[in-house]
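A.B. asks:
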Amino acid sequence: MAAEHVTASGIPLAPVYRDVGRPPEPDPGEYPYTRGIYPEMYRARLWTMRQYAGYGSALEANARFRYLLAHGQTGLSIAFDLPTQMGYDSDHPLAAGEVGRVGVAISSLRDLEDLLEGIPLDRVSTSMTINAPAALLLVMYQLVAEEQGVPGEALSGTIQNDILKEYAARGTFIYPPGPSMRLVTDTFAYCGQHLPRWNPISISGYHLREAGATAVQEVAFTLSNAVAYCQAALAAGLEIDSFAPRLSFFFVADSDLFEEVAKFRAARRVWARLMRERFGARNPRSAQLRFHCQTSGASLTAQQPMNNIVRVAYQALAAVLGGAQSLHTNSYDEALALPSEEAARLALRTQQVLAYETGVPEVADPLGGSYLVEDLTDRLEEEVLELMRRVDEQDGSVRAIETGWMQAQIQESAYRRQLALESGERKVVGVNVFREDEETPIEVLRVDPEVDRSQRERLRALRAERDAAAVERALAELRRRAEGTENLLPALKDAAAALATTGEICDALRDVFGEFEPRY
67 MAAEHVTASG IPLAPVYRDV GRPPEPDPGE YPYTRGIYPE MYRARLWTMR QYAGYGSALE
127 ANARFRYLLA HGQTGLSIAF DLPTQMGYDS DHPLAAGEVG RVGVAISSLR DLEDLLEGIP
187 LDRVSTSMTI NAPAALLLVM YQLVAEEQGV PGEALSGTIQ NDILKEYAAR GTFIYPPGPS
247 MRLVTDTFAY CGQHLPRWNP ISISGYHLRE AGATAVQEVA FTLSNAVAYC QAALAAGLEI
307 DSFAPRLSFF FVADSDLFEE VAKFRAARRV WARLMRERFG ARNPRSAQLR FHCQTSGASL
367 TAQQPMNNIV RVAYQALAAV LGGAQSLHTN SYDEALALPS EEAARLALRT QQVLAYETGV
427 PEVADPLGGS YLVEDLTDRL EEEVLELMRR VDEQDGSVRA IETGWMQAQI QESAYRRQLA
487 LESGERKVVG VNVFREDEET PIEVLRVDPE VDRSQRERLR ALRAERDAAA VERALAELRR
547 RAEGTENLLP ALKDAAAALA TTGEICDALR DVFGEFEPRY
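To convert, take the position in the sequence shown, counting from 1, and add 66; that gives our numbering.
Written as structure tokens, this is what we have:
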């Protein structure tokens, strides 16, 4: 008996697909946006090429940003180090050994000023991968823009700000879910008033998938989290059409080409119907699922790392065939270290070859009408809706995460995936097939340990020169607001402007909110 052929998510595949007489989907730009959210897609405007970057000190990361922009990158994407992501200063005891390692260290407004030195913020769209302290980094960014003379109305970009997936899969949370959701909805309201072109959240399936979720789980849990954010915003008094047009999403592009393309099409369709039927959104833009895509970091291998160049190219193709609005392509050396300059340039060139040499962007939804892709789109939609129904049975995403139910689903999928790798059922070139006894070493980027010492010195100097009384007043006002119901972002902005540090500001909120301790 022949082995069953299935997609990466386990959906069975027939040997051949034929027309079954299904009605055609509406054109791109038409509800429910299965074929894309814009009529001409990339014929009118290419996706944003947004390479995720940042390491070491702010000055070092600034040099990398300028390098990528000079080589044709069209949007910034900032990586922050773990202390910053967890709301600690670079001189905190828990920051030891982590300063500048997986991103840039931002301990105060001065660091962000250095990071963005010479970059015209009115002409560059910026994505910031930050969650628990997202609101703080957003108002810091606004302050730097104001120093450049750029008003909030001219700023465009995205903060990730998706705290639910941190509890579910990633772990860089600070506060309990209630206060964390308040920070999210406060950011929705603040952006609506002060930063109308800014996306106040990027609801992420990427990290769920990297933790082991299937394509179905990636979409279902991401959209269920989005439902939770919408419900929290409505409960806070916001109207659905006042914030939904600025919601954005973040998905992975993995290696199962046709399933990935179908996944993106199904996600758009499910979201459009959710917005119209469940939430009663009237603005068409509320129903348009806009998403950033990144090729799969979990698929990169330390063995035969040059093979990663090929993997990334095919994954990037899936993202573009699926209609992504922006794209990051991973560097071939990321399974070993932060990207080297050469590897980062080649990752960007991969996008540029796809954009300018392949002809793929010349047609919107070029695989639309494919018997296989249309069938996969339908089946993925069915499975996504069924899993979302199961999340609703758990009383929604927040409760499903608090009890550990969602995490258990992802962990079970990760376990099955690992078993398939170890048994050889799932083949990875260079890992369990076509292995080589000797590997050719490659040069990798190493972060200078001097960054840790220099960051500590900068913080000492900052604390000596700033107005300590002004800092204390700003932090006291932040605590007062946190104890009440007023929007927190104006107080966060005042504290950052007074040169309170990242750790001091996050500690002020810790004093009121406490810290989250998982009980599952």
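Virtual Cβ for every residue (Gly too), placed ideally from N, Cα, C. Remember, it's a predicted structure, so these values are computed and weren't measured experimentally.
Within the continuous alpha helix (DSSP H) that includes M206, where are the two ends?
C.D. replies: On the sequence shown, residue 206 is found 140 positions in, with the first residue counted as 1. That run of the alpha helix (DSSP H) goes A200 to E213.
A.B. asks: Could you check if D431 is buried or exposed, using at least 16 other CB atoms within 10 Å of its CB as the buried criterion?
C.D. replies: In the sequence shown, counting from the first residue as 1, residue 431 sits at position 365. The residue in question, D431, is buried, as its Cβ has 16 or more Cβ neighbours within 10 Å.
A.B. asks: By alpha-carbon positions, which one of L487, S193, G550 and E583 ends up nearest to M359?
C.D. replies: Translated into positions along the sequence shown, residue 359 becomes position 293. Per the sequence shown, residue 359 should be read as Cys rather than Met. Measuring from the Cα of C359, the nearest candidate turns out to be S193.
A.B. asks: Quick check: the Cα distance between L181 and H158, rounded to an integer number of angstroms?
C.D. replies: Taking the sequence shown and counting its residues from 1, one reaches residue 181 at position 115. Taking the sequence shown and counting its residues from 1, one reaches residue 158 at position 92. Cα-Cα distance, rounded: 21 Å.
A.B. asks: Which class does Q139 belong to by DSSP, given the choice of helix, strand or coil?
C.D. replies: Position 73 of the sequence shown, counted from the first residue, corresponds to residue 139. Q139 falls in the coil class under three-state DSSP.
A.B. asks: Just verifying my parser: in three-state terms, what is the DSSP assignment at F309?
C.D. replies: As a position in the sequence shown, residue 309 is number 243, starting the count at 1. Helix.
A.B. asks: Looking at C-alpha atoms only, which residue of T238, A201, E183 and P217 is the closest neighbour of P584?
C.D. replies: Counted from its first residue, the sequence shown places residue 584 at position 518. Ranking the options by Cα distance to P584, first place goes to T238.
A.B. asks: Measuring CB to CB, does L565 end up less than 8 Å from L528?
C.D. replies: Along the sequence shown, read from residue 1 onward, the residue named residue 565 stands at position 499. Along the sequence shown, read from residue 1 onward, the residue named residue 528 stands at position 462. Yes.
A.B. asks: Where does A294 land, buried or exposed, given buried means 16+ other C-beta within 10 angstroms?
C.D. replies: Here the question's residue 294 lines up with position 228 in the sequence shown. With 16 or more other Cβ atoms within 10 Å, it is buried.
A.B. asks: State the beta-bridge partners of H358 as determined by DSSP.
C.D. replies: Locating residue 358 in the sequence shown gives position 292, counting from the first residue. H358 pairs with F316 and S392.
A.B. asks: Since P78 sits in a beta bridge, which residues does DSSP pair it with?
C.D. replies: By 1-based counting over the sequence shown, the position of residue 78 is 12. Looking at the DSSP assignment, P78 forms a beta bridge with V72.
A.B. asks: Considering T416, what are the terminal residues of the alpha helix (DSSP H) in which it resides?
C.D. replies: Numbered from its first residue, the sequence shown carries residue 416 at position 350. Here the alpha helix (DSSP H) through T416 covers E407 to Y422.
A.B. asks: From V168 to H71, what distance separates their C-alpha atoms?
C.D. replies: For the purposes of this step, residue 168 is taken as the residue at position 102 of the sequence shown. For the purposes of this step, residue 71 is taken as the residue at position 5 of the sequence shown. Cα to Cα, V168 sits roughly 38 Å from H71.
A.B. asks: Report yes or no: do three or more beta-carbon pairs, one from the segment 109-119 and one from the segment 491-505, lie closer than 8 Å?
C.D. replies: no
A.B. asks: Mind checking which residues open and close the beta strand (DSSP E) that includes I172?
C.D. replies: Start at 1 with the first residue of the sequence shown, and residue 172 comes out as number 106. Membership of I172 in any beta strand (DSSP E) is not indicated, and neither H nor E is assigned to it by DSSP.
A.B. asks: To which residues of the same chain is D591 closer than 7 Å at the C-beta, ignoring the five residues directly before and after it?
C.D. replies: Beyond the ends of the chain as shown, which are 67 and 586, falls residue 591; an answer cannot be given.
A.B. asks: Am I right that L175 and A563 are in contact with their C-beta atoms under 8 Å? What's the rounded C-beta distance?
C.D. replies: Within the sequence shown, numbered from 1, the residue matching residue 175 stands at position 109. Within the sequence shown, numbered from 1, the residue matching residue 563 stands at position 497. Yes, they are in contact, since the Cβ atoms of L175 and A563 sit about 7 Å apart, within 8 Å.
A.B. asks: Nearest by alpha-carbon distance to R109: which of V495, E468, G389 and G166 is it?
C.D. replies: What you label residue 109 is simply residue 43 of the sequence shown in a count that begins at 1. Among V495, E468, G389 and G166, the Cα nearest to that of R109 belongs to G389.
A.B. asks: How many whole angstroms separate the CB atoms of V285 and G303, which I take to be in contact at a CB cut-off of 8 Å?
C.D. replies: Taking the sequence shown and counting its residues from 1, the one referred to as residue 285 is at position 219. Taking the sequence shown and counting its residues from 1, the one referred to as residue 303 is at position 237. That belief does not hold up - the Cβ atoms of V285 and G303 are roughly 29 Å apart, past 8 Å.
A.B. asks: Quick check on this structure: which residue in K559, T443, S520 and R526 has the alpha carbon closest to the alpha carbon of R539?
C.D. replies: Your numbering for residue 539 matches position 473 in the sequence shown. Of all alpha-carbon atoms in K559, T443, S520 and R526, the one lying nearest the alpha-carbon of R539 is that of K559.
A.B. asks: DSSP three-state label for N128, please.
C.D. replies: Counting from one through the sequence shown, the residue named residue 128 turns up at place 62. Correct three-state label for N128: helix.
A.B. asks: Output needed for P243: all residues of its chain with C-beta closer than 6 Å, excluding positions within five of it in sequence on either side, in chain order.
C.D. replies: In the sequence shown, residue 243 corresponds to position 177, counting from 1. Once the five neighbours on either side are set aside, the close Cβ partners of P243 are V464.
A.B. asks: Does the Cβ of M67 have 16 or more other Cβ atoms within 10 Å, making it buried, or fewer, making it exposed?
C.D. replies: Translated into the one-based positions of the sequence shown, residue 67 becomes position 1. Model confidence at M67 stands at a pLDDT of 40, short of 50, so the residue's coordinates are unreliable; what they give is reported in the following sentence. Label assigned to M67: exposed.
A.B. asks: Tell me which residue opens and which closes the beta strand (DSSP E) that S436 is part of.
C.D. replies: The residue labelled residue 436 in the question sits at position 370 within the sequence shown. Segment: none, S436 is in no beta strand (DSSP E) and carries neither H nor E.
A.B. asks: Does L160 pass the burial test, meaning 16 or more other C-beta atoms within 10 Å, or should it be called exposed?
C.D. replies: Locating residue 160 in the sequence shown gives position 94, where the first residue counts as 1. Exposed, by the Cβ-count rule.
A.B. asks: Is A279 helix, strand or coil when you go by DSSP?
C.D. replies: Position 213 of the sequence shown, counting from 1, holds the residue named residue 279. Coil, per DSSP.
A.B. asks: Need the endpoints of the alpha helix (DSSP H) that S270 sits in, please.
C.D. replies: Position 204 of the sequence shown, counted from the first residue, corresponds to residue 270. Careful: S270 lies outside any alpha helix (DSSP H), inside the beta strand (DSSP E) at I267 to S270.
A.B. asks: Kindly list the residues whose CB is nearer than 7 Å to the CB of D322, restricted to its own chain and excluding five residues on each side of it in sequence; keep chain order.
C.D. replies: The residue you call residue 322 lines up with position 256 of the sequence shown. T73 and A74.
A.B. asks: Does the separation of the CB atoms of Y99 and R334 fall below 8 Å?
C.D. replies: In the sequence shown, counting from the first residue as 1, residue 99 sits at position 33. In the sequence shown, counting from the first residue as 1, residue 334 sits at position 268. In this structure, R334 lies closer than 8 Å to Y99 by Cβ.
A.B. asks: Rounded to a whole number of angstroms, what is the C-alpha to C-alpha distance between F309 and Q297?
C.D. replies: What you label residue 309 is simply residue 243 of the sequence shown in a count that begins at 1. What you label residue 297 is simply residue 231 of the sequence shown in a count that begins at 1. Cα to Cα, F309 sits roughly 12 Å from Q297.
A.B. asks: Which residue wins for smallest C-alpha separation from G120, given the options I172, E343, T251 and R526?
C.D. replies: For the purposes of this step, residue 120 is taken as residue 54 along the sequence shown, with counting starting at 1. Out of I172, E343, T251 and R526, I172 has the C-alpha closest to the C-alpha of G120.
A.B. asks: For the segment 467-483 and the segment 121-132, state whether three or more C-beta atom pairs, one from each stretch, are separated by less than 8 Å.
C.D. replies: Cβ pair count under 8 Å is below three, so no.
A.B. asks: Quick check on the DSSP output: the beta strand (DSSP E) that includes G244 runs from which residue to which?
C.D. replies: Start at 1 with the first residue of the sequence shown, and residue 244 comes out as number 178. Here G244 belongs to no beta strand (DSSP E); instead the alpha helix (DSSP H) covers P243 to H260.
A.B. asks: Looking only at its own chain, which residues have a Cβ that is under 7 Å from the Cβ of L134, when we skip the five neighbours before and after it?
C.D. replies: Numbered from its first residue, the sequence shown carries residue 134 at position 68. Closer than 7 Å at Cβ, skipping near neighbours: Q117, A119, A410 and L414.
A.B. asks: What do you get for Q569, buried or exposed, if any count of 16 or more other CB atoms within 10 angstroms of its CB means buried?
C.D. replies: Start at 1 with the first residue of the sequence shown, and residue 569 comes out as number 503. Per the sequence shown, residue 569 should be read as Gly rather than Gln. The residue in question, G569, is buried, as its Cβ has 16 or more Cβ neighbours within 10 Å.
A.B. asks: Should Y422 be labelled buried (16 or more other beta-carbon atoms within 10 Å of its own) or exposed?
C.D. replies: For this step, residue 422 is matched to residue 356 along the sequence shown. Classification of Y422: exposed, given that the 10 Å Cβ count is below 16.
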